[in-house]
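When we follow full-length UniProt numbering, the leftmost residue of the sequence shown carries the number 1, and every step to the right adds one.
Here's the structure, in structure tokens; my notes come after.
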Amino acid sequence: MKYPETKEKLNELVINLLHMHMIVRRNHWYMRGSQFLKFHPYLDDLMDELDDQIDGLAERLITIDGSPVATLREVVQLNKIPGEKGSWDFTNTQRLEKIISGYRYLDKLYEEALEASDKEGDYSTNDILTGFHTDLEKRLWMLTAELGQAPDIDA
Numbered sequence: 001m002k003y004p005e006t007k008e009k010l011n012e013l014v015i016n017l018l019h020m021h022m023i024v025r026r027n028h029w030y031m032r033g034s035q036f037l038k039f040h041p042y043l044d045d046l047m048d049e050l051d052d053q054i055d056g057l058a059e060r061l062i063t064i065d066g067s068p069v070a071t072l073r074e075v076v077q078l079n080k081i082p083g084e085k086g087s088w089d090f091t092n093t094q095r096l097e098k099i100i101s102g103y104r105y106l107d108k109l110y111e112e113a114l115e116a117s118d119k120e121g122d123y124s125t126n127d128i129l130t131g132f133h134t135d136l137e138k139r140l141w142m143l144t145a146e147l148g149q150a151p152d153i154d155a
């Protein structure tokens with residue numbers, strides 16, 4: 001069996017990207033107040049980007065004879081990004097902070113997957129991961145900049 005650690009890391013990413021999509025969706029639905037007209041469509045863009053990553057990584061996993069997680073039960077049981085019930089009680093700043101926290105966890109998972117695919121010599125997966133990771137880092141920069149913070153990607 002080729003690339004066992006890479007397959008495991010790809011599935012971890014698929015699981016947590018699916019959950020992150022749900023978190024962004026929840027905040028998209030429950031958003032109100034200042035900057036609504038700006039943030040609401042921005043979160044649509046985030047969800048589109050997450051969808052592309054989920055699909056791309058799941059298809060790569062299948063290409064290398066893996067099996068992507070494909071049930072809500074597995075996502076709920078195996079994800080590591082904290083979630084919570086939808087609520088109107090958060091400010092838009094608090095919503096962005098929650099999204100940033102999830103993106104930071106995804107950043108860590110991408111780095112682990114890159115290391116695994118490099119170690120196992122799966123350079124095609126590594127190339128796909130590099131592109132998605134770069135996109136994620138850019139989103140982290142933009143989200144943190146909106147809050148007047150540095151991305152702290154190298155922290």
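For every residue, glycine included, the Cβ atom is placed at its ideal position computed from N, Cα and C.
For residue i, report the span of its alpha helix (DSSP H) as first-last.
i: Pro4; result: Pro4 to Trp29
i: Thr134; result: Tyr123 to Glu146
i: Pro41; result: Phe36 to Thr63
i: Asn92; result: Asn92 to Lys119
If you check the beta carbons only, do residue i and residue j fall under 8 Å apart?
i: Leu50; j: Met31; result: no
i: Leu140; j: Asp107; result: yes
i: Asn92; j: Gln35; result: yes
i: His28; j: Asp44; result: yes
Given this structure, state the Cα-to-Cα distance separating residue i from residue j, to the nearest angstrom.
i: residue 158; j: Tyr3; result: Residue 158 is absent from the model: the chain starts at 1 and stops at 155.
i: Thr71; j: Ile62; result: 16 Å
i: Leu17; j: Asn79; result: 9 Å
i: Thr134; j: Glu12; result: 18 Å
i: Leu136; j: Leu129; result: 10 Å
i: Ile99; j: Asp65; result: 32 Å
i: Glu146; j: Met1; result: 45 Å
i: Asn77; j: Ala58; result: With the sequence shown as reference, residue 77 is identified as Gln, and Asn is not the correct amino acid for it. Using only the alpha carbons, I get a separation of about 18 Å.
Ignore the nearest five residues each way along the sequence and tell me which others in residue i's own chain have a CB closer than 8 Å to its CB.
i: Ser87; result: Tyr30
i: Ile153; result: Asp107, Glu137, Leu140 and Trp141
i: Leu109; result: Lys9, Glu12, Leu13 and Asn16
Using C-beta distances below 6 Å, list every residue in its chain close to residue i, excluding the 5 sequence neighbours before and after it, in chain order.
i: Thr6; result: Ala116, Ser117, Glu120, Asp122 and Thr125
i: Gly102; result: Met20, Ile23 and Ile81
In chain order, what residues of the same chain lie with their CB nearer than 7 Å to the CB of residue i, ignoring the 5 residues before and after it?
i: Glu112; result: Lys9
Please indicate yes or no: does the CB of residue i lie closer than 7 Å to some heavy atom of the ligand NAP?
i: Thr71; result: Annotation note on the ligand NAP: not contained in the displayed structure, which lists no ligands.
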